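Numbering (the working numbering), first residue to last: -13 to 240.
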């Protein structure tokens, strides 16, 4: 037996067809390394264990679920880490893929961790709240376009794969879910100071209804703020536009 911990936002995937579709989206090749985030009761683990020559690791915050998984798959002893993925060190020294039904209350944190690991990641397949998936895939001028849209699109090719009904889970969540795939770009944009780039984008969207000349008035000089781009709002700029703003900012600091 097991408990469902509402404090952890636990909703366990029970639809076998959805599990298989998620695994298929991983495009696994024999011998690859895979990190599973939040395996829970093993809806995806079951199929991951059928993949040939898999180098598997998992991170699960719920001690009870770790014990449950190890009872089902004793050979995973030492490979399932009980802990928080947001505090986890890089799980492999080699390139790896990441998969999971991401806990919805920490999805943003997981996505930032994915950005931190982008140099080592080959592919990410994750289930998230549908609203978050739409936001990530949004384009400029759309209402759902925001900070995460810009940052993830800077470094990843993003695909919205399919929706998942609440009825596919137990207990069913109150929100719709969706599966997305993120693939790090082969040609990464040159960003020498990623913290400054992230801060720039965050600052722009903190006052998304204001023109950028107001939202970024403490970031750029009065002379720079005369450029026409600063007459726009945060949601009107593409990630390429933000990269240009970043270049201006870095140039002004040297």
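Virtual Cβ for every residue (Gly too), placed ideally from N, Cα, C. The structure presented is a predicted model; accordingly, all values stated were derived computationally and were not measured.
With 16 or more other CB atoms across the displayed protein chains lying within 10 angstroms of its CB, residue 82 is buried. The beta carbons of residue 114 and residue 164 sit closer together than 9 Å.
A residue is called buried when at least 16 other Cβ atoms come within 10 angstroms of its Cβ; residue 17 does not meet this threshold and is exposed. Buried is the label assigned to residue 133, since at least 16 other Cβ atoms lie within 10 Å of its Cβ. Around the CB of residue 79, fewer than 16 other CB atoms lie within 10 Å, so the residue is classed as exposed. The beta-bridge partner set that DSSP reports for residue 164 consists of 114, 149. Measuring C-alpha to C-alpha distances from residue 239 to each of 215, 211, 207 identifies 207 as the nearest.
Between the alpha carbons of residue 14 and residue 146 lies a distance of about 19 Å. Taking the Cβ atoms as the reference, residue 88 lies roughly 16 Å from residue 28, outside the contact range of under 8 Å. In this structure, the alpha-carbon of residue 148 lies about 13 Å from that of residue 6. Scanning its chain for C-beta atoms nearer than 6 Å, with the 5 sequence neighbours on each side dropped, one finds around residue 124 the residues 130, 131, 135, in chain order. For residue 127, no beta strand (DSSP E) run applies, since DSSP gives it neither H nor E.
In this structure, 90 is the residue among 90, 74, 141 with its C-alpha nearest to the C-alpha of residue 119. If you look at residue 97, you'll find it in the alpha helix (DSSP H) that goes 93 to 102. Scanning 58, 84, 53, 92 for the CA closest to the CA of residue 70 turns up 92. The C-beta separation of residue 189 from residue 205 comes to about 6 Å, placing the pair in contact by the 8 Å criterion.
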